[in-house]
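Numbering (my numbering), first residue to last: 114 to 357.
What follows is the structure, encoded as C-alpha cells:
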C-alpha cells in the first residue's frame with residue numbers, strides 16, 4: 114500500500130510503500146521529481162526519469178522523500194542531469210562511511226520515513242535555497258504554458274533556460290513540459306474524464322497525441338493505465354499502473 118503526506122520541507126512529500134505478499138514491482142512514471150529512498154537498509158537516490166522505471170529484485174518496502182522539480186540538486190550536491198534515469202547509492206554522492214551511518218540511523222528509527230524527513234531538513238538548512246526563477250519555470254510549465262513563453266517570462270534566453278534546466282531538472286524544459294503535461298492528463302483520466310477531453314484539457318492536440326505520449330513516457334496504454342488504476346490500492350499517482 115502506498116501512503117504519502119506533505120513534508121515539513123516546502124514542496125516535498127514523505128511517502129511509504131508496503132507491498133502485498135507476492136505483489137509485482139510497481140512501475141514509477143516520470144513526474145519531474147527526484148527522491149531519496151530507504152529500502153532494505155540502503156539509502157538510494159532516484160534521479161529524474163524520462164521513461165517508466167520498474168524496480169528490480171521484486172516488491173520491497175520503501176520509505177522516501179520526494180522533492181519538487183528542481184529542488185533536490187542543491188541538497189544532494191550534484192546536477193540532476195548526472196542522475197537522469199538512474200538509481201544510485203547515496204554513498205556515491207556523500208561518501209560511503211557517511212551514507213552508511215545515515216542508513217543505520219534511518220533503519221533504527223521507529224519511523225524510517227520520518228527519519229528521512231529529518232535528514233532532508235538538516236541538509237536543507239545548510240544548502241542553498243531553491244531558485245525562485247526555476248520555481249517560476251515549473252509553475253508555468255505545470256500550468257501548460259509554452260516553453261518559449263516561459264523563457265521570455267522569466268527573462269532567460271532559450272539556451273540559458275535549457276542549460277539551467279539540465280542542472281535543475283535533469284533534462285531540457287521541453288522534456289519537463291511533456292512530463293508535466295502527461296501527469297495533468299493522467300490526473301484527468303484518474304478522475305474519470307473521457308480520453309478526448311483529458312487530452313485537450315491537459316494541452317495535447319488530440320487523444321492520439323496523448324496515447325503516443327502515454328506509451329512513450331509511461332510505457333503503457335491509456336486503457337491499461339485506467340484499468341489498473343481502477344484496481345489500485347492507493348498507489349503513487351505518478352507511479353504504478355498496477356496495484357502495490
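Built from N, CA and C at the ideal position, the CB exists for glycine as well.
Spatial distance of residue i from residue j (CA atoms)
i: residue 132; j: residue 174; result: 6 angstroms
i: residue 265; j: residue 117; result: 35 angstroms
i: residue 356; j: residue 167; result: Summary for residue 356: the model assigns pLDDT 31, below 50, so the residue's position carries little reliability; its value from the coordinates is reported in the next sentence. One C-alpha to the other measures close to 13 angstroms.
i: residue 259; j: residue 293; result: 12 angstroms
i: residue 261; j: residue 231; result: 38 angstroms
i: residue 324; j: residue 338; result: 11 angstroms
i: residue 336; j: residue 311; result: 13 angstroms
i: residue 243; j: residue 251; result: 12 angstroms
i: residue 331; j: residue 165; result: 5 angstroms
i: residue 130; j: residue 150; result: 11 angstroms
i: residue 306; j: residue 209; result: 48 angstroms
Coil, strand or helix - residue i by DSSP
i: residue 269; result: coil
i: residue 148; result: strand
i: residue 176; result: strand
i: residue 203; result: coil
i: residue 141; result: strand
i: residue 186; result: helix
i: residue 166; result: strand
i: residue 307; result: coil
i: residue 286; result: helix
i: residue 245; result: helix
Local Cβ density within 10 Å of residue i, reported as buried at 16 or more and exposed below that
i: residue 273; result: exposed
i: residue 65; result: Any answer about residue 65 is impossible in this case: the structure gives the chain only from 114 up to 357.
i: residue 177; result: buried
i: residue 328; result: exposed
i: residue 343; result: exposed
i: residue 334; result: exposed
Which residues DSSP lists as bridging residue i, in chain order
i: residue 155; result: 152
i: residue 126; result: 119 and 179
Cutoff 8 angstroms: residue i Cβ touching any chain D Cβ
i: residue 169; result: The question asks about chain D, but that chain is absent: this structure has only one protein chain.
Tell me the start and end of each unbroken alpha helix (DSSP H) in the segment 207-236 that is at least 4 residues and wholly inside, in chain order.
List check, alpha helix (DSSP H) in window: 209-221.
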